[in-house]
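S.K.: In UniProt numbering, the protein residues as written are 1 to 113.
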């Protein structure tokens with residue numbers, strides 16, 4: 001059984017709220033889970049202490065049992081110091097500014113000093 005530490009959506013329409021849960025990887029996103037390990041409220045400001053709540057002791061227990069966090073949860077754990085911060089690859093080159101935008105940015109930087 002593959003265990004995942006992931007987000008399960010709760011809350012009303014247009015008012016998201018997520019529970020951080022450990023669940024079997026085959027179960028649906030909002031379906032059956034084993035244990036609730038915290039919560040995430042994206043509606044709060046990023047510096048608010050209740051935006052991300054984690055139960056560190058239980059998270060460490062489930063990680064020792066082989067549960068793997070998803071990318072988003074791994075980022076939360078990295079910020080909390082419960083795991084190393086995940087390394088995400090750079091954005092694709094297609095999303096980089098094009099030639100004219102780079103020239104304008106270089107000109108603005110040169111004019112600013």
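Here a beta-carbon is modelled for each residue, glycine too, at the ideal position from N, C-alpha and C.
Note down, one range per segment and in chain order, each beta strand (DSSP E) of at least 3 residues found wholly within the region 36 to 106.
M.R.: List check, beta strand (DSSP E) in window: 52 to 54.
S.K.: Looking at C-beta atoms only, is the number of pairs between the region 43 to 60 and the region 72 to 90 that lie closer than 8 Å three or more?
M.R.: The region 43 to 60 is in contact with the region 72 to 90.
S.K.: Please work out which residues of its chain come closer than 8 Å, Cβ to Cβ, to residue 46, disregarding the five sequence neighbours upstream and downstream, and give them in chain order.
M.R.: Counting from 1 along the chain shown, the entry for residue 46 is found at position 46. Cβ within range, chain order: n/a, list empty.
S.K.: Please go through the same chain and pick out, in chain order, the residues whose beta-carbon is closer than 7 Å to the beta-carbon of residue 50, but skip the five residues on each side of it.
M.R.: Looking up residue 50 in the chain shown gives position 50. 41, 44, listed in sequence order.
S.K.: Quick one: is residue 96 buried, meaning 16 or more other Cβ sit within 10 Å of its Cβ, or exposed?
M.R.: Stepping through the chain shown from its first residue, residue 96 is reached at position 96. Classification of residue 96: exposed, given that the 10 Å Cβ count is below 16.
S.K.: Which residue wins for smallest C-alpha separation from residue 24, given the options 38, 8, 17?
M.R.: Reading the chain shown from its first residue, position 24 is the one you call residue 24. For the residues 38, 8, 17, the minimum Cα distance to residue 24 belongs to 8.
S.K.: What separation, rounded to the nearest whole angstrom, lies between the Cα atoms of residue 71 and residue 85?
M.R.: The residue you call residue 71 lines up with position 71 of the chain shown. The residue you call residue 85 lines up with position 85 of the chain shown. In a straight line, the C-alpha of residue 71 is about 10 Å away from that of residue 85.
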